[in-house]
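Colleague: Protein chains in written order, with my numbering: chain A, 1 to 121; chain B, 1001 to 1520.
In this text, a Cβ means the ideal position worked out from N, Cα and C, and glycines have one as well.
Small disclaimer: the values here were computed from a predicted structure and weren't measured.
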Amino acid sequence: MEIVVASSVGVLTAGGVYLILRLRAFPVILGLALLSYAVNVFLFATGRLAINAPPVLSKYGDATYTDPLPQALVLTAIVISFGMTAVLVMIALGAYLEADHDRIDMTGPNAPDTDKKETGA
Amino acid sequence: MSHWIIAPVVLPALLAPIIAFVMRHDITLARAASFAGTITLAAITVGLLFMSADGATHVYRLGDWPAPFGIVLVLDRLSALMLLLTSALALIVLLHATATGWDNRGRHFHALFQFQLMGICGAFLTGDAFNLFVFFEVLLIASYGLMIHGGGRVRLQAGLQYVVMNLAGSTLFLFALGTLYASTGTLNIADLAVKVRELPVEEASLVRVAAILLMVVFAIKAALFPVQFWLPATYSNAPAPVAALFAIMTKVGAYAIIRVHAVVFGPDVAVLDGLIGDWLMPAALVTLAIGAIGVMGARRLMSLLSFSVIASMGTMMIAVAAFTPYATGAALYYLLHSTFSAAALFLLADLVVSRRPGGDLLRAEPPIVQNGLFAALFFAGAIGMAGMPPLSGFLGKLVILDAMADTPQMVISWIAILVGSLLLILGFARAGSTLFWKSTALAPAPEDTDTQEDDETPPPDDAPAPARALELAPTMAALAALAFLSVFAGPISTYLVETSEQLFDGTDYVTAVLGQGEES
């Protein structure tokens, strides 16, 4: 099971990084989503991998339990990354509608607004 | 356990939704509420500063859960200082945004502003690493909204870059926290400090990875090399009051490095073996160099100011990288200074740029109204930022040089700071003379206006209005803060060295958080 979890984190991260480097809004959003999935699985594994163990202490015997804290962390991380992805999609849409293209990188250093003001210099 | 400790988080958190939902259609009402909230926040932070000034560490346990299990907020001298800095800066920026009407050029400025304050205050107060992540996200998501406030093509594109950069940073933060939790089993900063020191050396590799990952994450926020490249595009395209408020955002990263890497991964930790300082120092030196070169090469006023912010972060982190109480005290003094000087310059730049037909391009244009006044203010801000006497930038750099004098990196850091300051002076002198002096040579004499083409001559009633006193007041206030820092440099730096001694002492922090029943 360790190899499955580890390789899934690795593959998701690799895919996410590759997509982020594409520098177009849609692949970048997908890439960030993949990265957040990767980190969620990773966080889940930080409490050690355990199967069929409840995340609560049992008072009816010394049943094994798994660490509940990473699960709480993952829940928080999922909520935050969900919200952030929504914001990112809105801002990317806004930028796309304003600029008529979905490139993330900006032409020229510090992005002079070439169409409006920069006539000299 | 005083409940005032959580007030800087709760107050903006309650106010922001009320502004967003109840006062969204009435800008006057929103302004009043925002001012009331920010002034109250400032009063609270002054109170907290006095509360922590005796050197005690005050702990607020959320839900009254005992420390390593529940989330704690910790108020010590450093937190209180950063809170006061935040609220003072917020008041200045809010006044500017209101006086110039920036807050009315898009929607929800005041609500986002309060959420931003909530995130920043929370990040300064929290004593839990995961909670630090959460507050980082709160301040970031508010800053995304503020960054694209007012809209426009370039601003939205720059905003998109900023969001992508920070989302990648957040993912890295989570990886770092996961690694740290997997190796130590805790995320409470005080508990981490204990556990990391107890860790056997053979299990150190994961902790080293986590420490370096965390440093990269905070370096993104603090705009350190090699992850500084988001800053110029973001700051120079953000609305100027927002850029001035962002002057505190880089300091959040610096604060996190100081807090986490001094308390948890301090220089006395055997498993790290001075690893952090070894990496932080070159990064800070290169950051300073990039900032200084960027200031020399900038073609636009806003990007010049952005690069000067990078240079000031480099200067500050050189002192932080030494990881001694005296050097950190010097860094804190420079932190206060650079926040206000960056804010003053960005606010002033807004007043100047909005009155120039060419925007913030650094080229000579006919003089704007009140050319002399703006030139004088720019001069004051520039000598503050570049570090010339008599303002606090000079004193700050002097103290940093003094603190670096007895470290092994003395030669390289002195060279970097001195040459960097020279380049900054040159860059600001060039910008100032282009903007304000050469323009007077281009001034059209009153009688030859008829020789110009009609369509190029702006009608007199279309000319930008001179700045009202209320618009100038925030810039003046930020400059006055610099003067205050200079005049009271002695007591302030003594207090700051005490602050960093408390930070490096560590035991005080740990016993206050983990100790049983030590209610403050």
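Pick helix, strand or coil for B/H1003, following the three-state DSSP scheme.
Modeller: As a working note, residue 1003 of chain B is residue 3 in the second sequence. Residue state, collapsed to three classes: helix.
Colleague: What residue range is occupied by the uninterrupted alpha helix (DSSP H) comprising A/L32?
Modeller: In the first sequence, the residue the question calls residue 32 of chain A occupies position 32. Unbroken alpha helix (DSSP H) run through A/L32: A25 to A45.
Colleague: Can you list, in chain order, the residues of the region 1111-1131 of chain B whose Cβ is nearer than 8 Å to any Cβ on chain A?
Modeller: Hits within the stretch, in order: F1130.
Colleague: Cα separation between B/I1019 and B/A1030?
Modeller: Your numbering for residue 1019 of chain B matches position 19 in the second sequence. Your numbering for residue 1030 of chain B matches position 30 in the second sequence. About 6 Å.
Colleague: Using CA coordinates, which residue listed in B/V1209, B/A1431 and B/T1499 is at the minimum distance from B/E1296?
Modeller: In the second sequence, residue 1296 of chain B corresponds to position 296, counting from 1. In the sequence as displayed, the identity of residue 1296 of chain B is Met instead of Glu. Cα-wise, what sits closest to B/M1296 is B/A1431.
Colleague: So for B/V1201, helix, strand or coil by DSSP?
Modeller: Counted from its first residue, the second sequence places residue 1201 of chain B at position 201. Helix, per DSSP.
Colleague: Compile a chain-ordered list of the residues in the region 28-46 of chain A whose CB is closer than 7 Å to at least one CB of chain B.
Modeller: Residues V28, L32, L35, S36, V39, F42, L43 and T46.
Colleague: In whole angstroms, give me the CA-to-CA distance for A/F82 and A/L88.
Modeller: Taking the first residue of the first sequence as 1, we reach residue 82 of chain A at position 82. Taking the first residue of the first sequence as 1, we reach residue 88 of chain A at position 88. If I take the Cα positions, the gap works out to 10 Å.
Colleague: Which residues of chain A have a Cβ atom closer than 9 Å to the Cβ of B/I1141, listed in chain order?
Modeller: Working through the second sequence from its first residue, we reach residue 1141 of chain B at position 141. Result: I80, G83, M84 and V87.
Colleague: Hey, could you find the ends of the beta strand (DSSP E) B/Y1060 is sitting in?
Modeller: Along the second sequence, read from residue 1 onward, the residue named residue 1060 of chain B stands at position 60. That run of the beta strand (DSSP E) goes H1058 to R1061.
Colleague: Quick one: grab the DSSP three-state call for B/N1188.
Modeller: Sequence index remark: in the second sequence, residue 1188 of chain B carries index 188 (1-based). Residue state, collapsed to three classes: strand.
Colleague: Just the chain B side, please: which residues come within less than 9 Å of A/T66 by C-beta, in chain order?
Modeller: For this step, residue 66 of chain A is matched to residue 66 along the first sequence. Here the premise fails: no neighbours, minimum Cβ distance about 13 Å.
Colleague: Does the region 37-46 of chain A come close enough to the region 1151-1167 of chain B that 3 or more CB-CB pairs lie under 8 Å?
Modeller: They do not touch, by the three-pair rule.
Colleague: Any Cβ of chain A within less than 9 Å of the Cβ of B/S1079?
Modeller: On the second sequence, position 79 is the one that residue 1079 of chain B refers to. No - not a single Cβ of chain A is within 9 Å of the one on B/S1079.
Colleague: Can you say whether B/P1012 is buried or exposed, counting buried as having 16 or more other CB atoms within 10 angstroms of its CB?
Modeller: Residue mapping note: residue 1012 of chain B aligns to position 12 of the second sequence, counting from 1. B/P1012 should be labelled buried.
Colleague: Taking buried to mean at least 16 other C-beta atoms within 10 Å of its own C-beta, is B/R1259 buried or exposed?
Modeller: Start at 1 with the first residue of the second sequence, and residue 1259 of chain B comes out as number 259. Flag for B/R1259 reads buried.
Colleague: With H, G and I counted as helix, E and B as strand and the rest as coil, what does DSSP make of B/L1361?
Modeller: Your numbering for residue 1361 of chain B matches position 361 in the second sequence. Of the three classes helix, strand and coil, the one that applies to B/L1361 here is strand, per DSSP.
Colleague: Do you know how far the Cα of A/L34 is from the Cα of A/S148?
Modeller: Residue 148 of chain A is absent from the structure shown; chain A starts at 1 and stops at 121.
Colleague: Starting from B/V1164, find everything on chain A with Cβ-Cβ shorter than 8 Å and list it in chain order.
Modeller: Translated into the one-based positions of the second sequence, residue 1164 of chain B becomes position 164. In chain order: I20, V28, L32, L88 and I104.
Colleague: Under the assumption that B/F1133 contacts B/L1174 (Cβ atoms under 8 Å), give the Cβ distance between them as a whole number of angstroms.
Modeller: As a working mapping, residue 1133 of chain B is identified with position 133 in the second sequence. As a working mapping, residue 1174 of chain B is identified with position 174 in the second sequence. Sure, about 7 Å apart at Cβ, within 8 Å.
Colleague: Measuring alpha carbon to alpha carbon, tell me which of B/F1124, B/A1053 and B/Y1495 ends up nearest B/T1328.
Modeller: Reading the second sequence from its first residue, position 328 is the one you call residue 1328 of chain B. Cα-wise, what sits closest to B/T1328 is B/Y1495.
Colleague: Taking Cβ to Cβ, would you say B/I1400 is nearer than 9 Å to B/Y1334?
Modeller: In the second sequence, counting from the first residue as 1, residue 1400 of chain B sits at position 400. In the second sequence, counting from the first residue as 1, residue 1334 of chain B sits at position 334. Going by C-beta atoms, B/I1400 is nearer than 9 Å to B/Y1334.
Colleague: Pairs of beta-carbons, one from the region 1251-1267 of chain B and one from the region 1180-1199 of chain B, closer than 8 Å: are there three or more?
Modeller: Judged by Cβ distances under 8 Å, the region 1251-1267 of chain B makes contact with the region 1180-1199 of chain B, as three or more pairs qualify.
Colleague: Of the choices B/T1038, B/W1102 and B/H1110, whose alpha-carbon is the least far from that of B/L1084?
Modeller: The residue given as residue 1084 of chain B occupies position 84 in the second sequence. Among B/T1038, B/W1102 and B/H1110, the Cα nearest to that of B/L1084 is on B/T1038.
Colleague: So with CB distances below 7 Å, who are the chain A contacts of B/T1434?
Modeller: Against the second sequence, residue 1434 of chain B aligns to sequence position 434. Per Cβ cutoff of 7 Å: no residues; B/T1434 is ~10 Å from chain A at best.
Colleague: Taking 9 Å as the threshold (beta carbon to beta carbon), is A/G161 in contact with chain B?
Modeller: Chain A is shown from 1 up to 121; residue 161 of chain A falls before or after that span and cannot be answered.
Colleague: What does the alpha-carbon distance come out to for the pair B/L1213 and A/T13?
Modeller: Position 213 of the second sequence, counted from the first residue, corresponds to residue 1213 of chain B. Position 13 of the first sequence, counted from the first residue, corresponds to residue 13 of chain A. Cα-Cα distance, rounded: 15 Å.
Colleague: Among B/G1101, B/A1033 and B/F1115, whose alpha-carbon lies nearest the alpha-carbon of B/L1139?
Modeller: Position 139 of the second sequence, counting from 1, holds the residue named residue 1139 of chain B. It is B/F1115 whose Cα lies nearest to the Cα of B/L1139.
Colleague: With DSSP as the reference, please indicate the residues paired to A/R103 in a beta bridge.
Modeller: Taking the first residue of the first sequence as position 1, residue 103 of chain A is located at position 103. Paired residue(s): A/R24.
Colleague: Step through the CB atoms of chain B and report whether any lies within less than 9 Å of the CB of A/E2.
Modeller: The sequence position of residue 2 of chain A within the first sequence is 2, counting from 1. Cβ-Cβ to chain B under 9 Å: no for A/E2.
Colleague: Do the CB positions of B/T1339 and B/I1417 come within less than 9 Å of each other?
Modeller: The residue labelled residue 1339 of chain B in the question sits at position 339 within the second sequence. The residue labelled residue 1417 of chain B in the question sits at position 417 within the second sequence. The answer is no: Cβ separation not under 9 Å.
Colleague: Expressed to the nearest angstrom, what Euclidean distance is found between the alpha-carbon atoms of B/P1464 and B/S1439?
Modeller: Indexing the second sequence from 1 puts residue 1464 of chain B at position 464. Indexing the second sequence from 1 puts residue 1439 of chain B at position 439. Each residue's Cα considered, the two are about 16 Å apart.
Colleague: For my contact list, B/A1129 and B/L1177 are in at a C-beta cut-off of 8 Å; report their separation, rounded to the angstrom.
Modeller: Translated into the one-based positions of the second sequence, residue 1129 of chain B becomes position 129. Translated into the one-based positions of the second sequence, residue 1177 of chain B becomes position 177. Their Cβ separation, rounded to whole angstroms, is 6 Å, which keeps B/A1129 and B/L1177 in contact under 8 Å.
Colleague: According to DSSP, is B/L1074 part of a helix, a strand, or is it coil?
Modeller: Taking the second sequence and counting its residues from 1, one reaches residue 1074 of chain B at position 74. For the sequence presented, residue 1074 of chain B should be read as Val rather than Leu. B/V1074: strand per DSSP, three-state reduction.
Colleague: Within 10 angstroms of the Cβ of B/W1065, are there 16 or more other Cβ atoms? Answer buried if so, exposed if not.
Modeller: Within the second sequence, numbered from 1, the residue matching residue 1065 of chain B stands at position 65. Counting Cβ neighbours within 10 Å, B/W1065 comes out exposed, since fewer than 16 surround it.
Colleague: Run through DSSP, which three-state label would B/R1153 get?
Modeller: Indexing the second sequence from 1 puts residue 1153 of chain B at position 153. B/R1153 falls in the helix class under three-state DSSP.
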